[in-house]
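Note sheet for the following structure.
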Ligand SMILES: Nc1ncnc2c1ncn2[C@@H]1O[C@H](COP(=O)(O)OP(=O)(O)O)[C@@H](O)[C@H]1O
Ligand SMILES: [Mg+2]
């Protein structure tokens, strides 16, 4: 019968059925704990299901013991009876088990069916996804717009800015991340110079390494890598801080005090990123030049050759182009970090989600913006 | 007894909820000046939701929230700020700013909205904290104080600008009996001495008997006010099944077979 077996020390459990004109009579016997119920579950359910009769009577006189598992079996039998259009009658159940059953008997347990989840067609799914993306984009644009207007307002009313918060945030965004920026910049300069020197050496072209390094770092890598580091370090921190405040109802408290969370929390963070990221980019660039210089020195070129070649090929246009990028990236990263924080839903896991989302969206935005810059700079001939 | 005074807050036919789910449907009530008004009901019946709609954090689906003659729901800009300035709010978990000391927390609204000299602001903030017996914890951070102290500090912050109305969301929840009793005393004191109107969300029967002048009771399934009046009177005389169950701590009757249905109180 059943493919399960009971352990030796189990007193046993069994279900037997007979049918007559009144319906199916199933009598349950023995110890209906987790083991016993598991043993006879399939049999009992199949017996009732194959009985082809709507009305089911469960005779419980011989149940020695019953717990939640036995209760689940009775509920399942009731469900089967209901599916066949009839009902389950329980007879001879001991008083204490009757009370156990009363705890759930009146609740309508929802039937779980795989079909319950609505299946969407492909087109509909694409449409829904597009709508979500567009709504998200709209929210982002609205947020950036509001933030930009507020930042422009601070130029006219500087006294409305909480400068102390800006300063604290500057320390967090700038000073505290100086070490990692300089380290990564130095390593990238060193590695890039070394790798290109190895390739160029075959053509006797190591002398061109400084030209390439200066241009690549100042125009492209400096702002890009700094912004990515900012997204990982500060964008996530912004999202976590604002998200936690949202969960603690601190944002609500600000609003009902008549203080705008935007002005109070977001603007100081944006301003600090705006001030610090270009500065950090300069540090990154300089550190990368130090890395390049070490490679060139070790290849036997004097330092002055390195510096003169770097600066001969690097124009102020390149420098300012890089700085402009850094400014735009910083707004994107800090902005999306704050936005994700404000969008945090309830619950502890929500902060984690916002933090992750802040970093991911930040990096995606940087990549997009960088692509746009590449195209724009190309057509502008910079 | 008819009250001829003008209500400080009139909630008119408010319907509120989240997205498509309606939590509270078509509810109206008035709050009189100086009274301690309690919104009660079981967990999840929409007390906090109603409160947040009353203070303008959410926009109700329908209805008005009148402060005097001004409707907070439609008010914008300066009009809105003026209404908001009339009340203070204590949130369920305190909502103190974690990076600031208690003193700084209480100072914040003062710094933003008053032109007093710095010294005066500090003194006001200290006095508010003293009112809630926190004069020895002025420089502590919120993380370093107990739950009861947080709630008292939050009340002090809500009172910083001397509002006429204080909204408290579950002031006694999660407190030990002594702290909870102290909080009740504080509320009664503030109400007697300063004449502040309190709107309190609560389900702590003891505190309600002690403090409340009038209660309204919400129910999760009916989504409306099922009872209104003096809490002790309701407890002793009401025949309303919802009231009986709540005030006499009776478990839900649904499971023993007697189906619970009851007319909505008018
Ligand atoms: N942010 C939210 N989004 C969606 N539903 C919510 C939200 N907050 C509360 N609810 C729902 O609204 C109902 C009322 O919640 P709430 O007002 O917090 O109850 P109470 O404060 O009376 O315990 C609950 O069913 C809850 O699930
Ligand atoms: Mg609540």
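Residue numbers (this note's numbering), protein chains in the order written: chain A, 13 to 394; chain B, -18 to 247. Even for Gly, the Cβ is constructed at its ideal location relative to N, Cα and C.
Any C-beta of chain A under 8 Å from that of residue i
i              : result
residue 258(B) : Absent from the structure is residue 258(B), since the part of chain B shown begins at -18 and ends at 247.
residue 38(B)  : yes
residue 78(B)  : yes
residue 198(B) : no
residue 73(B)  : yes
residue 113(B) : no
residue 70(B)  : yes
residue 62(B)  : yes
residue -12(B) : no
residue 15(B)  : no
residue -4(B)  : no
Residue i Cβ short of 7 Å to ligand 1 heavy atom set
i              : result
residue 72(B)  : no
residue 4(B)   : yes
residue 9(B)   : no
residue 25(B)  : yes
residue 22(B)  : yes
residue 258(B) : Residue 258(B) lies beyond the stretch modelled for chain B, which goes from -18 to 247, so this question has no answer here.
residue 202(B) : no
residue 358(A) : yes
Residue i - containing alpha helix (DSSP H), residue span
i              : result
residue 39(B)  : Note, residue 39(B): premise wrong, no alpha helix (DSSP H); not H, not E.
residue 154(A) : 134 to 168
residue 223(A) : 221 to 227
residue 291(A) : 279 to 310
residue 32(A)  : Residue 32(A) -> not in any alpha helix (DSSP H); beta strand (DSSP E) instead, spanning 25 to 32.
residue 107(A) : 107 to 117
residue 138(B) : 128 to 139
residue 351(A) : 328 to 354
residue 369(A) : 360 to 392
residue 80(B)  : Note, residue 80(B): premise wrong, no alpha helix (DSSP H); not H, not E.
residue 322(A) : 315 to 325
Ligand 2 heavy atom lying under 7 Å from the CB of residue i
i              : result
residue 157(B) : no
residue 373(A) : no
residue 28(B)  : yes
residue 264(A) : no
residue 150(B) : yes
Run of the beta strand (DSSP E) containing residue i, from where it starts to where it stops
i              : result
residue 247(A) : Looking at the DSSP string, residue 247(A) is not in any beta strand (DSSP E), and its letter there is neither H nor E.
residue 21(B)  : 17 to 21
residue 86(B)  : Element bounds for residue 86(B): not the beta strand (DSSP E) but the alpha helix (DSSP H), 83 to 94.
residue 276(A) : That residue, residue 276(A), is in no beta strand (DSSP E); it is neither H nor E in DSSP.
residue 42(A)  : 35 to 44
residue 148(B) : 146 to 150
residue 73(A)  : 68 to 78
Short CB-CB distance (under 8 Å) between residue i and chain C
i              : result
residue 213(B) : Among the chains of the structure shown, chain C does not appear; the protein chains present are A and B.
CB contact below 8 Å: residue i versus chain B
i              : result
residue 339(A) : no
Give me the subset of the region 261 to 275 of chain A whose CB atoms are less than 9 Å from a CB atom of chain B, sorted by chain position. Cβ contacts with chain B come from 261, 262, 263, 264, 265, 266, 267, 268, 269, 270 and 271.
Using a Cβ-Cβ cutoff of 7 Å, what residues of the region 219 to 232 of chain B are near chain A? List them in chain order. Legend: CB atoms of the region 219 to 232 of chain B lying less than 7 Å from CB atoms of chain A are not found in any residue.
Below 8 Å between beta carbons is the criterion; list the residues of the region 89 to 104 of chain B that meet it against any residue of chain A, in chain order. Answer in chain order: 89, 90, 93 and 94.
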